[in-house]
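The numbering of the sequence shown is this note's numbering, which starts it at 14 and goes up by one.
In this text, a Cβ means the ideal position worked out from N, Cα and C, and glycines have one as well.
What follows is one structure encoded as structure tokens, with my remarks underneath.
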Amino acid sequence: MLNEGDNMFIKTRVLNPYEKYILEVNGRIKMDTLDQTHCFTIDKGYTGEKYFYEKIKECSGGIKIWDFRLKMNGEAQYDFIIIHDQHIIHFDIKYYEGNYHFHQSNFISENNYVITDPINQLVKADMKLNQFVQKLGLSYKVLSYVVFVGQQFSVSGFNGDNRILFDKDIDRIVASLNKNETSDEETRIGQLFLQYHYDKGIYQRIHYYPFEEIQEGIKCPSCNQLLPKLSHRKTHVTCSCGYKITKKDLVKNAFEVIQLLKNAAVTVDDVVRYTGIGKTLIREVLSENFEKTGMNKNRKYHPKEKLFIKEVSENEYEVDMVINDS
14 MLNEGDNMFI KTRVLNPYEK YILEVNGRIK MDTLDQTHCF TIDKGYTGEK
64 YFYEKIKECS GGIKIWDFRL KMNGEAQYDF IIIHDQHIIH FDIKYYEGNY
114 HFHQSNFISE NNYVITDPIN QLVKADMKLN QFVQKLGLSY KVLSYVVFVG
164 QQFSVSGFNG DNRILFDKDI DRIVASLNKN ETSDEETRIG QLFLQYHYDK
214 GIYQRIHYYP FEEIQEGIKC PSCNQLLPKL SHRKTHVTCS CGYKITKKDL
264 VKNAFEVIQL LKNAAVTVDD VVRYTGIGKT LIREVLSENF EKTGMNKNRK
314 YHPKEKLFIK EVSENEYEVD MVINDS
């Protein structure tokens with residue numbers, strides 16, 4: 014989804030169901046090795062991309078796309094595509110922390126973790142993007158860069174390559190994007206790119222962990238730590254990082270989290286355990302924002318737009334059209 018303050022971002026990244034689940038369950042239960050590996054990669058990638066997005070989202074120039082997938086002689090994924098000043102610019106974002114040294118095209122950490130030849134990967138993506146731009150009949154020049162974001166990354170033994178940028182270079186990117194306003198032609202090209210965006214890639218199958226064994230609580234959207242349980246007297250919950258959220262918004266957030274982790278309908282008791290909020294307010298918020306099924310102690314809540322079979326009474330059902338199923 015796009016935020017109100019975004020300046021000419023015509024697409025932002027939407028996590029797929031597996032990514033959403035694995036990031037939410039992370040830290041709540043011991044995951045299997047495969048999920049741990051995927052979670053590390055997804056978390057690092059998404060964190061770095063969000064960091065870069067926040068840096069450039071207010072720039073006045075350029076049509077910006079976050080997460081472009083192209084299916085042409087195989088699949089290719091581009092973290093950021095920016096159409097600006099007769100150029101198609103591709104940024105491949107890397108987010109790592111610690112001290113690395115450069116050796117034979119690889120970046121190697123003190124713990125011998127290897128970032129394998131990012132330039133070779135960039136060249137392959139750049140070639141495919143050039144082919145795509147030519148296929149569209151555009152005379153724009155394609156530029157591709159790897160950007161190592163985050164100030165906690167340092168590297169020694171690297172003699173420089175103008176295709177590899179670091180956190181300190183982001184200010185130059187921002188300054189360049191602010192030089193010119195977005196043109197109608199750039200907007201047209203951006204919309205053309207979106208027509209070719211391929212969003213039907215193969216996702217990992219979700220292995221749902223037992224809901225009753227998962228650590229309860231709601232993660233802070235800012236620092237990702239579990240928020241403190243709310244006392245009945247307070248109107249807001251405040252995280253140690255300073256993030257603040259109202260009771261009602263916390264209930265709505267809790268519904269989304271619980272439904273994701275549980276992979277089933279949500280009860281009032283579920284939300285009580287995850288937030289500490291009283292049942293009366295929870296029932297009020299859930300009734301206003303979500304679809305109810307069942308009666309009394311058997312009452313459960315579902316997303317309104319996803320409910321297909323709606324309970325009319327205890328033993329009668331009617332079928333609704335699924336709305337906005339995307």
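In terms of residue numbering, what span does the beta strand (DSSP E) encompassing residue i cover?
i    : result
K259 : Note that residue 259 is Thr in the sequence shown, not Lys. Run containing T259: K257 to T259, per the beta strand (DSSP E) assignment.
F303 : Counting along the chain, F303 falls outside any beta strand (DSSP E), and DSSP gives it neither H nor E.
D80  : I76 to K84
T251 : H249 to T251
S169 : F166 to S169
K313 : K313 to H315
Is residue i near the ligand NAP - that is, is its Cβ less than 6 angstroms away from at least one heavy atom of it?
i    : result
I121 : Ligands in the displayed structure: none, and consequently the ligand NAP is not present.
To the nearest angstrom, how far is it from the Cα of residue i to the Cα of residue j?
i    : j    : result
E226 : T60  : 27 angstroms
N311 : P30  : 27 angstroms
D80  : V146 : 17 angstroms
N125 : Y109 : 13 angstroms
Q208 : L178 : 30 angstroms
Q49  : R246 : 39 angstroms
E229 : N309 : 24 angstroms
C72  : T195 : 10 angstroms
D282 : L47  : 32 angstroms
V279 : N143 : 48 angstroms
K148 : A277 : 45 angstroms
R201 : R26  : 20 angstroms
V250 : K242 : 8 angstroms
S122 : F166 : 10 angstroms
M21  : D184 : 19 angstroms
L190 : Q164 : 22 angstroms
N266 : I69  : 27 angstroms
K313 : S300 : 10 angstroms
Q204 : D197 : 11 angstroms
Y158 : N172 : 16 angstroms
V284 : C254 : 23 angstroms
A138 : R296 : 50 angstroms
G87  : D180 : 31 angstroms
N193 : F303 : 45 angstroms
M14  : E269 : Here M14 scores only 42 on pLDDT, less than 50, and its place in the model should not be relied on; the value that follows carries that caveat. So the alpha carbons of these two residues sit roughly 16 angstroms apart.
V162 : K317 : 39 angstroms
K232 : M140 : 41 angstroms
H220 : D182 : 40 angstroms
S118 : V298 : 55 angstroms
T248 : N39  : 28 angstroms
H315 : T306 : 8 angstroms
V136 : D174 : 13 angstroms
Considering only DSSP beta bridges, list what residue i is partnered with.
i    : result
N266 : Paired residues: none, contrary to the question.
V284 : Per DSSP, none; premise fails for V284.
F179 : F161
N119 : H116
D105 : V159
Y91  : F81
I128 : F120
F22  : K77
K232 : L239
V279 : Y314
K154 : H100
G111 : F166
Grab the span of the alpha helix (DSSP H) containing residue i for me, first residue to last.
i    : result
Q144 : P131 to K148
N29  : No alpha helix (DSSP H) contains N29, which DSSP labels as neither H nor E.
K68  : T46 to I69
F206 : D197 to Q208
Between residue i and residue j, how many whole angstroms is the CB-CB distance? I'm expecting something under 8 angstroms.
i    : j    : result
H51  : Q217 : 6 angstroms
I271 : Y287 : 6 angstroms
F120 : V168 : 6 angstroms
K107 : V160 : 7 angstroms
Y211 : K84  : 4 angstroms
D3   : L36  : For residue 3 there is no data in the structure shown, the boundaries of the chain being 14 and 339.
F206 : L274 : No, F206 and L274 are not in contact; Cβ-Cβ is about 35 angstroms, not under 8 angstroms.
L156 : I102 : 5 angstroms
Y222 : I23  : So it is not a contact: roughly 36 angstroms between Cβ atoms.
If you measure from the beta carbon of residue i to each beta carbon in chain C, is any gap under 7 angstroms?
i    : result
F161 : No chain C is present in this structure, which holds just one protein chain.
Quiz prompt | Cβ contact check for the region 105 to 113 and the region 228 to 238: 3 or more pairs under 8 angstroms | solution = no
Practice problem: Pair every Cβ in the region 125 to 137 with every Cβ in the region 63 to 77, then say whether three or more of these pairs are closer than 8 angstroms. | Solution: no
Practice problem: Kindly confirm or deny that the region 247 to 265 and the region 283 to 297 touch, where touching means at least three C-beta pairs closer than 8 angstroms. | Solution: yes
Quiz item: Within the chosen definition, does the region 61 to 70 reach the region 86 to 106 through at least 3 CB pairs nearer than 8 angstroms?
Solution: yes
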